[in-house]
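Beneath this line is the structure, given in structure tokens, with notes to follow.
Chains as they are written, first to last, in this note's numbering: chain Z, -7 to 100; chain B, 120 to 234.
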């Protein structure tokens, strides 16, 4: 089967670190992407992991473990503007298969 | 560059009416996509066009048709709208080689309500 599971909501405090998880059961995929989507807005690309391990991009990092069917997005030094939904998507052939998204709520 | 543009932004249809959603990109991308997004669900692929002149069904193609008019434009048509097609529709594009499909650029979306 092809499915990606994400928690529906995560709450964190401004200035802190938060981890958003994505587990998958899809087979035959090439890698995993993360996107950010603000309320009422369009998804925007954040990162892509083609290989196992950690990819760092400023305050955002993404990790992939193929053997465990697991990925996470790590956001450091949280800012209020990071309040959004975060979508994971697995690349299979020429398509992305999407998770339902995790809504990140940041408290002052 | 405008990126990916979509028209209209909002639309209300009655059951049985037809309409076409327009999408254009100015990034010279080869691949284009139409998704729908419903509350609590991930983006679901309706149709895609891997390159100019080709179109293929995605996960939820029933009730829709597409046209890849040229490299820039990819339209989505609802022939006979149903309430189940109430959704937010996103058009996206990517450079198109297999390795570049993971980075897609999205338009602002069309919010469609069918009554």
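The beta-carbon is built from N, C-alpha and C at its ideal position, and this holds for glycine as well. Quick caveat: nothing in here was measured; it's all calculated off a predicted structure.
Look at residue 94 of chain Z and residue 62 of chain Z and say whether their C-beta atoms are less than 7 Å apart.
Within the first chain, the letter at position 102 stands for residue 94 of chain Z. Within the first chain, the letter at position 70 stands for residue 62 of chain Z. Not closer than 7 Å, so no.
In DSSP terms, what residue 41 of chain Z is bridged to
By one-based count along the first chain, residue 41 of chain Z stands at place 49. According to DSSP, residue 41 of chain Z bridges with Z:24.
Determine whether the Cβ of residue -7 of chain Z lies closer than 7 Å to any Cβ atom of chain B.
Taking the first chain and counting its residues from 1, the one referred to as residue -7 of chain Z is at position 1. Low local confidence applies: a pLDDT of 47 at residue -7 of chain Z is under 50, so the model's placement there is unreliable, with the coordinate-based value given in what follows. Taking Cβ atoms only, chain B never reaches closer than 7 Å to residue -7 of chain Z, which makes this a no.
Could you confirm whether any beta carbon from chain B is found closer than 7 Å to the beta carbon of residue 83 of chain Z?
Residue 83 of chain Z sits at position 91 when you count from the first residue of the first chain. By this cut-off, residue 83 of chain Z is an interface position.
Looking at residue 232 of chain B: is its Cβ nearer than 7 Å to the Cβ of residue 133 of chain B?
What you label residue 232 of chain B is simply residue 113 of the second chain in a count that begins at 1. What you label residue 133 of chain B is simply residue 14 of the second chain in a count that begins at 1. No.
Quick check: what's the CA-CA separation for residue 192 of chain B versus residue 227 of chain B?
Taking the first residue of the second chain as 1, we reach residue 192 of chain B at position 73. Taking the first residue of the second chain as 1, we reach residue 227 of chain B at position 108. Computed Cα separation, rounded: 15 Å.
Quick check: the segment 14 to 33 of chain Z against the segment 74 to 86 of chain Z, are at least 3 beta-carbon pairs closer than 8 Å?
yes
For residue 102 of chain Z, is the classification buried or exposed, using 16 other Cβ atoms within 10 angstroms of its Cβ as the cut-off for buried?
Because chain Z spans -7 through 100 in this model, residue 102 of chain Z falls outside it and cannot be assessed.
For the pair the segment 4 to 15 of chain Z and the segment 196 to 212 of chain B, tell me if three or more CB-CB distances fall below 8 Å.
no
Measure from the alpha carbon of residue 172 of chain B to the alpha carbon of each residue in B:190, B:157, B:146 and B:156, then state which is nearest.
To locate residue 172 of chain B, count along the second chain from 1; it is residue 53. The shortest C-alpha separation from residue 172 of chain B is found at B:190.
Measure from the C-beta of residue 180 of chain B to each C-beta in chain Z and report whether the shortest distance is under 7 Å.
Within the second chain, numbered from 1, the residue matching residue 180 of chain B stands at position 61. No, its Cβ sits nowhere closer than 7 Å to a Cβ of chain Z.
What is the residue span of the beta strand (DSSP E) that residue 188 of chain B lies within?
Position 69 of the second chain, counted from the first residue, corresponds to residue 188 of chain B. That residue, residue 188 of chain B, is in no beta strand (DSSP E); it is neither H nor E in DSSP.
Residues in the segment 205 to 216 of chain B having any Cβ partner in chain Z nearer than 7 Å
209
Partners in chain B for residue 4 of chain Z, counting only beta-carbon separations shorter than 9 Å:
Within the first chain, the letter at position 12 stands for residue 4 of chain Z. By Cβ distance, chain B contributes nothing, its closest Cβ being about 22 Å from residue 4 of chain Z, past 9 Å.
Please tell me whether residue 225 of chain B has its Cβ less than 7 Å away from any Cβ of chain Z.
Within the second chain, numbered from 1, the residue matching residue 225 of chain B stands at position 106. Closer than 7 Å: yes.
DSSP three-state assignment for residue 68 of chain Z, whether helix, strand or coil
In the first chain, counting from the first residue as 1, residue 68 of chain Z sits at position 76. Coil at residue 68 of chain Z, not helix or strand.
Please report how far the alpha carbon of residue 135 of chain B lies from the alpha carbon of residue 156 of chain B, in whole angstroms.
Numbered from 1 along the second chain, position 16 holds the residue referred to as residue 135 of chain B. Numbered from 1 along the second chain, position 37 holds the residue referred to as residue 156 of chain B. Their backbone Cα atoms lie some 21 Å apart in a straight line.
Buried or exposed: residue 148 of chain B, going by 16 or more other Cβ atoms within 10 Å of its Cβ?
What you label residue 148 of chain B is simply residue 29 of the second chain in a count that begins at 1. Buried is the call here.
So, for residue 150 of chain B: in the same chain, excluding its five sequence neighbours on each side, which residues have a beta-carbon less than 6 Å away from its beta-carbon?
If you number the second chain from 1, residue 150 of chain B lands on position 31. The residues are 169, 213 and 215.
Taking only beta-carbon positions, decide if residue 140 of chain B is within less than 7 Å of chain Z.
On the second chain, position 21 is the one that residue 140 of chain B refers to. Chain Z, which has no Cβ nearer than 7 Å to the Cβ of residue 140 of chain B, makes this no.
Residue 152 of chain B to residue 222 of chain B, Cα distance in whole Å?
Position 33 of the second chain, counted from the start, is the residue given in the question as residue 152 of chain B. Position 103 of the second chain, counted from the start, is the residue given in the question as residue 222 of chain B. So the alpha carbons of these two residues sit roughly 12 Å apart.
Whole beta strand (DSSP E) runs in the segment 128 to 195 of chain B with 3 or more residues, listed along the chain?
129 to 132, 138 to 144, 150 to 156, 163 to 168 and 183 to 187
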